[in-house]
Each structure stands twice: as structure tokens, then as C-alpha cells.
Amino acid sequence: MEKKHYYNVAIVGGGISGTALLYTLAKYTNIKDIALFEKYDDLATLNSSPKGNSQTLHCGDIETNYTLEKAKITNRTATMVENYGKLYGYENKHMFQIPKMALGVGDEEVAFIKKRYEEFKVEFPYMEYWDKAKLAEIEPALLKGRDENVDIAAMGTDKRWSAVNFGAIAKTFVENAKKENSSIDIHLSKEVEKIEKIGDKFELTVQGKHFYADYVVVNAGAHSLLLAHRMGHGLDFSCLPVGGSFYYSKIESLKSKVYTIQNPKLPFAAIHGDPDIVKGNIIRFGPTAIVLPKLERYHHAHFLDFLDTLAPSAEVLEVFYDLMHDADIRDYALKNFLYEVPGIRKKLFAKEVQKIVPSMTADDIEFADGVGGLRPQVIDKKTKKLFLGEAKIETGEGIVFNMTPSPGATSCLGNAFTDTELICKHLGATFNSKQFNKELVT
1143 MEKKHYYNVA IVGGGISGTA LLYTLAKYTN IKDIALFEKY DDLATLNSSP KGNSQTLHCG
1203 DIETNYTLEK AKITNRTATM VENYGKLYGY ENKHMFQIPK MALGVGDEEV AFIKKRYEEF
1263 KVEFPYMEYW DKAKLAEIEP ALLKGRDENV DIAAMGTDKR WSAVNFGAIA KTFVENAKKE
1323 NSSIDIHLSK EVEKIEKIGD KFELTVQGKH FYADYVVVNA GAHSLLLAHR MGHGLDFSCL
1383 PVGGSFYYSK IESLKSKVYT IQNPKLPFAA IHGDPDIVKG NIIRFGPTAI VLPKLERYHH
1443 AHFLDFLDTL APSAEVLEVF YDLMHDADIR DYALKNFLYE VPGIRKKLFA KEVQKIVPSM
1503 TADDIEFADG VGGLRPQVID KKTKKLFLGE AKIETGEGIV FNMTPSPGAT SCLGNAFTDT
1563 ELICKHLGAT FNSKQFNKEL VT
């Protein structure tokens, strides 16, 4: 094996998760020969791109579908990203302190916000409870045109670095990793087509050429499960790719990130409004949620790859049946399909926007062409349930496959920490976790 084709660690996928692992290995371990393979000609062009996500650092404070326990875990990983940004001076460059809130509309939702605020304020002491009068000062657009008899309230803050350009952060991970380790190789426009274990090494086939590694981590979105299945791993998992679209406001409206209350039956994000930090803070509303028979949102569909990751079976059909048997989920799926249909989508989606900004009409919004991502929602065939959160296939053989639906970008350094521990244990390498925790956690 030629040295230039052999590495201690190979990372597949150049999004925020893959690059975070590259940075962690370069800065906090003694591993030298590391390669990152990215199928496109630049880093972070898919879900990590500012077009592919809501640009929100999810701390668990305004995400109303998070339990307190999950919020604590998410807050820890979000703090890592914040501290990384501060370590390198990326404040107001790649991350921004935009006010954010979880908004309740109507008596039932206001009561929910009050209860949740009391439950969460110990873990999130910076959060504030904003009643209708306070919201009129902070975000008057929330009140304009709203029935005066309808109460609203929110729990929110302006004290966190809530908005992040994850695509830019991914590129800084690589820049800073190279400063720490000159033995790193970045292979752009190099798609890993096949991975095979040969003895105690892994052979990666890349456009007819072979590369070798002692350890492999696959951080390739829905393609992670595709590569896992081809190696005979993760056969109890099935992937349901869910795409999201957004709408831009054509008029001035919000100055904050405003999230609505999540329906606990729905595994997908509730509609929210966010200032787009790479588009002059124009407000973007969304996301929608629609199942798509492809593994990447705005690239050529490889239907057979989709079928491979879906892995149709009686268990998968049972999950679909259970989902569609619920009237709330069925109606949600139909509405979100219609939100994608030209000619009727703006009028229909405007009704969702009006829960946040009542005065907005269909003429005030426009469909954001080419904006949105695709998340690999994983089905666990054993439990016959959608797996909410990050899914990891840890084989114990020196290869890991990660699938990171939202909040995958927020969890990038937390996931990198976990994988770095696995890698160092397998290779007998040294991980300076104390320095990692000192710089990024505390």
C-alpha cells in the first residue's frame, strides 16, 4: 500500500459532522494520518449549507418537543459550538446573537408556555417569560392584525448565540484542523463508492482508486445507511428521507427567531420564522415536511439507492400504517404535500405563517426555490418506530456509520467527542479530553 493512499482514520462526508470530527482528531489527539472524502467540489454543500437548515443552534430552550432531559443534553452540545466560535473569534461573523422564543397562541398554549418556563428555568436561567404586553414591545408584528381576545405568550431570550452559519463553521473546522496537523488530506470531488474490510484494514473504493484506513467514520447523511447496508451493517434500520422547504417574507416582519409549539404526535419540526443570516436577515418561514424518494434534496435522484435505504419490509409497512392511521399525522402529511404544489401553495402556507404574523398574506410571501434540506429519519425495525435524534451504527470492527437528523449540526462536536473516544480506544491513540472539555465544554 502506497503511503499516500493509507491513513489511520478516513472520514466520509465533508459536512458539519465530518469536519467537526476532523478538527477534534487534529487538535485533541496524537493521530496524524487523517483523510476526509467529500463527493462534491466543496465542503458543506448539502444539509450543512445555510440553504439547507434553519441556521439555528438548538439549545433545547425553545424546542417544545424536547423533554427536559433531552434539552440538557442538547444544551451541552450547543455550548460546545458556541465556545468553539468564541475560541476563534467567530462572533458576529459566523454566529449571531439573535433573539429567539417559543410562542404560545391561545389559552391552552399560553398555559403550556407558563408551565414549561417554570420547569425549564433552572436549566436555562437566562430564559424569560414574555406576556402579551412584553411581546408587543419586543415583536409588535406578533400582535398586528391579531384578534385582541386571543392571548399570546412566549419564553425567550436575547442572550444566546442562537444563529449559526454551519456551512462556514464546517470550513473553519478544516482550516483550523490543518493548522494543528499537516498530515491531513482533503479529497474533494471524491465519492466513496464502496467500503470493504480486508484483514484489519478498510479499503475505500473512490472512482476506481483504492484508499486504505485503520478506522473509518461515515458521516454522509442518508448515504451513511446506504454504505452500511452494502457492508451488511444496520439491517435493522430503514431510512425515511424527509425534505423541507421554506418561504421568504417579501415585507419586513420579525426581528427574532419565533418557534411555534410542536404537536407531540409529529416527529417533524413545527413552523417557525427565522432571520436568514446570509440573506440580509430576510425572514424565512418553514420548514415544510414531505417524504421524498431520494437521498439528496436538489440532486439527481437515485431511486434504487432510496429503495436500498428504505429496505421495504413488513415492519416498515407497519410503521407507515401506524403513522397514516393517525388523523393528525395524515392531515399534516397532506397539507405539507400541498405546500409544495405551485399555484396553491402560497395561499395555503400563508395560513401557517399567520399564526406567527397575523397580518401577513399570500402576497407577502414567496416560495424559496432551491432552499431546504433532506433529513434521514431512521426507522428502527425492531421497535417499529421512527428513531428521533441521531442514529449511530457502531460495529465494533473499526467502522462507524452516523445518521444525524435535526439537531445534527448542533450536536456536531458532541458526536465528534464520542467518535474520537471510539477511534482512540481502537487505535490505542491518545485523546486529550481534558483540554477538549476545558476549551469547549466548561
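In case it helps, my numbering puts the sequence shown at residues 1143 to 1584.
Every residue gets a Cβ at the ideal spot worked out from N, C-alpha and C, and that includes glycine.
Computed from a prediction, not measured in an experiment: that's the story for all the values here.
Where do the ends of the alpha helix (DSSP H) carrying THR1402 lie?
The residue given as residue 1402 occupies position 260 in the sequence shown. Counting along the chain, THR1402 sits inside no alpha helix (DSSP H); it lies in the beta strand (DSSP E) bounded by residues 1399 to 1402.
Assigned exposure category for HIS1467 - 16 Cβ within 10 Å defines buried
As a first step, residue 1467 is located in the sequence shown; it is residue number 325 there, counting from the start. Under this definition HIS1467 is an exposed residue.
Cβ-based burial, GLU1224 [other Cβ within 10 Å; buried from 16]
For this step, residue 1224 is matched to residue 82 along the sequence shown. Result: buried.
Proximity winner among ILE1294, ILE1173, PHE1344, LYS1436, relative to LYS1497 (alpha-carbon distances):
Counting from 1 along the sequence shown, the entry for residue 1497 is found at position 355. Of ILE1294, ILE1173, PHE1344, LYS1436, the residue nearest in Cα terms is ILE1294.
Based on the DSSP output, what are the partners of THR1198 in its beta bridges?
The residue you call residue 1198 lines up with position 56 of the sequence shown. Per DSSP, ALA1305.
For a test of the three-state rule: what should DSSP assign to LYS1497, helix, strand or coil?
Residue mapping note: residue 1497 aligns to position 355 of the sequence shown, counting from 1. Here LYS1497 carries a coil assignment [DSSP, helix/strand/coil].
Alpha-carbon to alpha-carbon, ASP1522 and ALA1128:
This structure cannot settle anything about residue 1128, because the visible part of the chain is limited to 1143 through 1584.
Just to confirm before moving on: does the CB-CB distance between PRO1417 and PHE1388 stay below 8 Å?
Taking the first residue of the sequence shown as 1, we reach residue 1417 at position 275. Taking the first residue of the sequence shown as 1, we reach residue 1388 at position 246. No, these two residues do not count as a Cβ contact at 8 Å.
Residue of PHE1315, ILE1507, VAL1495, THR1206 minimising C-alpha distance to ALA1186
Sequence index remark: in the sequence shown, residue 1186 carries index 44 (1-based). Nearest option by C-alpha distance: PHE1315.
Beta-carbon contacts of ARG1487 that lie in its chain and below 7 Å, excluding the five residues immediately before and after
Residue mapping note: residue 1487 aligns to position 345 of the sequence shown, counting from 1. Here the set comprises LEU1480, TYR1481, PHE1509.
Would you list, in sequence order, the uninterrupted beta strand (DSSP E) runs of no fewer than 3 residues that lie entirely inside the stretch 1364 to 1392?
1379 to 1385, 1389 to 1391
Output the residue ranges of the beta strand (DSSP E) runs that lie fully inside the stretch 1207 to 1267 and measure 3 residues or longer, sorted by chain position.
1242 to 1247
Of all the options ASN1478, LYS1407, TYR1463, ILE1413, which has the alpha carbon lying nearest to the alpha carbon of ILE1432?
Position 290 of the sequence shown holds residue 1432. It is ASN1478.
What does DSSP give as the partner residue(s) for MET1545 in the beta ladder?
Within the sequence shown, residue 1545 is the residue found at index 403, counting from 1. DSSP, once it has assigned bridges, lists ALA1533 as partnering MET1545.
Residues bridged to ILE1153 [DSSP beta-bridge criterion]
Taking the sequence shown and counting its residues from 1, one reaches residue 1153 at position 11. BP columns for ILE1153 point to LEU1178, VAL1359.
Using C-beta distances below 8 Å, list every residue in its chain close to SER1455, excluding the 5 sequence neighbours before and after it, in chain order.
Reading the sequence shown from its first residue, position 313 is the one you call residue 1455. The residues are SER1380, LYS1523.
Secondary structure, beta strand (DSSP E): runs of 3+ residues fully inside the stretch 1442 to 1515
1507 to 1509
Where GLU1281 and LYS1421 are concerned, what is the direct C-alpha to C-alpha distance, given to the nearest angstrom?
Walking along the sequence shown from the start, residue 1281 turns up at place 139. Walking along the sequence shown from the start, residue 1421 turns up at place 279. Within the model, the alpha-carbon separation for GLU1281 versus LYS1421 is close to 20 Å.
Have a look at PHE1445 and LEU1408 and give me their C-alpha separation to the nearest angstrom.
Stepping through the sequence shown from its first residue, residue 1445 is reached at position 303. Stepping through the sequence shown from its first residue, residue 1408 is reached at position 266. Cα to Cα, PHE1445 sits roughly 26 Å from LEU1408.
Contact between the stretch 1358 to 1373 and the stretch 1327 to 1341 (3+ Cβ pairs under 8 Å):
yes
Given a cut-off of 8 Å on the beta-carbon distance, is the pair GLY1515 and ASN1307 in contact?
Counting from one through the sequence shown, the residue named residue 1515 turns up at place 373. Counting from one through the sequence shown, the residue named residue 1307 turns up at place 165. The answer is no: Cβ separation not under 8 Å.
Between which residues of its own chain and GLY1350 is the CB-CB distance below 7 Å, once the five residues before and five after are set aside?
Within the sequence shown, residue 1350 is the residue found at index 208, counting from 1. If we look at GLY1350 and ignore the five residues flanking it on each side, it has no Cβ neighbours.
Comparing alpha-carbon positions, which option in LYS1256, LYS1321, THR1219 lies nearest TYR1230?
Position 88 of the sequence shown, counted from the start, is the residue given in the question as residue 1230. Looking at the Cα atoms, LYS1321 is the closest of the given residues.
Provide the residue(s) that pair with ILE1413 in DSSP beta bridges, ordered along the chain.
The count along the sequence shown starts at 1 and reaches residue 1413 at position 271. Answer is none; ILE1413 lacks a bridge partner.
In angstroms, rounded to a whole number, what distance separates the CA positions of LYS1399 and GLY1415?
Along the sequence shown, read from residue 1 onward, the residue named residue 1399 stands at position 257. Along the sequence shown, read from residue 1 onward, the residue named residue 1415 stands at position 273. For LYS1399 and GLY1415, the distance between alpha carbons rounds to 6 Å.
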